[in-house]
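Residue 164 in the working numbering sits at position 164 of the sequence shown; the count goes up by one each step and never skips.
Quick reminder that beta carbons are idealized off the backbone N, C-alpha and C, glycines included.
Here the structure is a predicted model, which means the values were calculated and not measured.
Reading through the structure tokens given below for one structure.
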Amino acid sequence: MDSVLSTVTNLLPYHLLSYGALLGTELFQSFVNTKVCYRALPMCEFLALQKQIFPAYFKCQVGLVILTAVTRPPRSILSLGWDTVPLAIVGVTGALNWFVFGPKTTTAAVVRRSMQEQASNEDNPAPTDPAKMHRANRNFGRNHAMAIHLNAISMVATVWYGFSLASSILARM
Numbered sequence: 001m002d003s004v005l006s007t008v009t010n011l012l013p014y015h016l017l018s019y020g021a022l023l024g025t026e027l028f029q030s031f032v033n034t035k036v037c038y039r040a041l042p043m044c045e046f047l048a049l050q051k052q053i054f055p056a057y058f059k060c061q062v063g064l065v066i067l068t069a070v071t072r073p074p075r076s077i078l079s080l081g082w083d084t085v086p087l088a089i090v091g092v093t094g095a096l097n098w099f100v101f102g103p104k105t106t107t108a109a110v111v112r113r114s115m116q117e118q119a120s121n122e123d124n125p126a127p128t129d130p131a132k133m134h135r136a137n138r139n140f141g142r143n144h145a146m147a148i149h150l151n152a153i154s155m156v157a158t159v160w161y162g163f164s165l166a167s168s169i170l171a172r173m
């Protein structure tokens, strides 16, 4: 009974669970959820869903980074030392996607989609300006690429933190 009580009052299980949730969320959202939704939904519905999912995903990512940092044994965030680097990278890239590139990508996707629909409409008396369409495509491409690259950097930093965590656990054994 004492071992169960000491485990429940120790930060390590909470730290491992929050880290596992962080890595699992990143991998699932990046490699499963987005691809399945893209294939299964018409573009209009896909964009509407992504508009709702990605802000929630980025909020979760930032929240789980904070939870992982504050549950670091033995004394929460004060115990991090150099382990702060990968978690800080994940926090910064997640925040950039949440506040900057996620909204910019969503807006650019909606603008681009609306221009594409307007261009394909046979009843449209004014054709879509190719230069405007090119700018819309470039704007979307640039913001989407930034969001994807920041997310990839986050995943690499999250795995880096996992190896760092394993190293510190193994050092105590």
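The residue among L23, A157, A88 and W98 with its C-alpha nearest the C-alpha of Q52 is W98. The three-state secondary structure of A126, taken from DSSP, is coil. By the CB criterion at 7 Å, F46 and Y38 fall inside the cutoff. The alpha carbon of I148 has as its nearest neighbour, out of M133, N137, V159 and G94, the alpha carbon of G94. Its chain contains T68, T71, R72 and P73 as the residues whose beta carbon lies nearer than 7 Å to that of H15, once the 5 sequence neighbours on both sides are disregarded; these appear in chain order.
The stretch 16-24 and the stretch 153-166 touch, with three or more beta-carbon pairs separated by less than 8 Å.
In this structure C60 touches T25 by the C-beta definition: roughly 6 Å separates them, less than 8 Å.
Of the candidates P86, V32 and L23, the residue whose Cα lies closest to the Cα of A157 is P86.
Per DSSP, reduced to three states, the secondary structure at N151 is helical.
Excluding residues up to 5 positions away in sequence, nothing lies with its Cβ nearer than 8 Å to the Cβ of H134 in the same chain.
A distance of 7 Å or more separates the beta carbons of L64 and L150. Under the DSSP assignment, R72 falls outside any alpha helix (DSSP H); it carries neither an H nor an E label. Taking 7 Å as the cut-off, the Cβ atoms of A136 and V111 count as close.
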